[in-house]
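Quick notes on the structure that follows.
Numbering (full-length UniProt numbering), first residue to last: 1 to 156.
The following block contains the structure:
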């Protein structure tokens, strides 16, 4: 279900970084759930390059209360042609980077919620074993989250 709360973001030309943050639940930063109950889509209405202050994310940080401390090394900037979308976990640390260009950067933010618990993966699941990436290992190893009580929870 798409939330009624939608928000347009403007990063004016020549403006600095926004602080790293997580969107919050009713102004309580400590309420978190490791199951993906909601997601955010960042939608660019225009071509966005690295110098235009794109949104940046730190993959794998949706279970962190605090930043890992090496954000500039771990962040991925979301850039692309008009119509580019980034689908992220609601709890992921993110920011708007500095707009060093002469062009205002626009982005629309949409939020979606699950209405029921999925019983099986809804995508083509090729393996029941988690395959990590180097970026995830740089942040931290999360074996206790990925495999709880011997039950692989990644697809749920």
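Even glycine gets a Cβ: it sits at the ideal position worked out from N, Cα and C.
Nearest to residue i by alpha carbon, out of the options?
| i | options | result |
| --- | --- | --- |
| residue 61 | 82, 54, 74 | 74 |
| residue 52 | 69, 66, 14, 65 | 14 |
| residue 46 | 100, 16, 66, 79 | 79 |
| residue 18 | 37, 66, 87, 94 | 94 |
| residue 100 | 22, 120, 48 | 48 |
Please classify residue i as buried or exposed, where buried requires at least 16 other C-beta atoms within 10 Å of its C-beta.
| i | result |
| --- | --- |
| residue 82 | exposed |
| residue 117 | exposed |
| residue 123 | exposed |
| residue 155 | Bear in mind that the predicted position of residue 155 carries a pLDDT of just 45, short of 50, making it unreliable; the figure below should be weighed with that in mind. With fewer than 16 Cβ atoms within 10 Å of its Cβ, residue 155 is classed as exposed. |
| residue 90 | buried |
| residue 150 | Its pLDDT being 47, under 50, residue 150 is placed unreliably by the model, and the measurement read from it follows with that caveat. It counts as exposed. |
For residue i, report the span of its beta strand (DSSP E) as first-last.
| i | result |
| --- | --- |
| residue 38 | 38-44 |
| residue 57 | 55-57 |
| residue 8 | 7-11 |
Tell me which same chain residues have a C-beta within less than 6 angstroms of the C-beta of residue i, skipping the five on either side of it?
| i | result |
| --- | --- |
| residue 148 | Reliability of the predicted coordinates at residue 148 is poor, the pLDDT of 48 falling under 50, and the value obtained from them is presented with this limitation in mind. Nothing meets the Cβ criterion. |
| residue 12 | 104 |
| residue 86 | 42, 78 |
| residue 84 | 44 |
| residue 16 | 98 |
| residue 4 | none |
Could you name the residues of the same chain whose beta carbon sits closer than 8 angstroms to that of residue i, not counting the 5 residues immediately before and after it, in chain order?
| i | result |
| --- | --- |
| residue 109 | 6, 7, 8, 9, 40, 41, 42, 43 |
| residue 77 | 50, 54, 55, 56, 97 |
To which residues of the same chain is residue i closer than 7 angstroms at the C-beta, ignoring the five residues directly before and after it?
| i | result |
| --- | --- |
| residue 71 | 20, 58 |
| residue 107 | 9, 42, 43, 44, 55 |
| residue 1 | 112, 113, 115 |
| residue 36 | 89 |
**Prompt:** Hey, which unbroken runs of the beta strand (DSSP E) at 3 residues or more fall wholly within the stretch 60-123?
**Reply:** As far as the stretch 60-123 is concerned, its whole beta strand (DSSP E) runs of at least 3 residues are 85-89, 94-96, 105-113.
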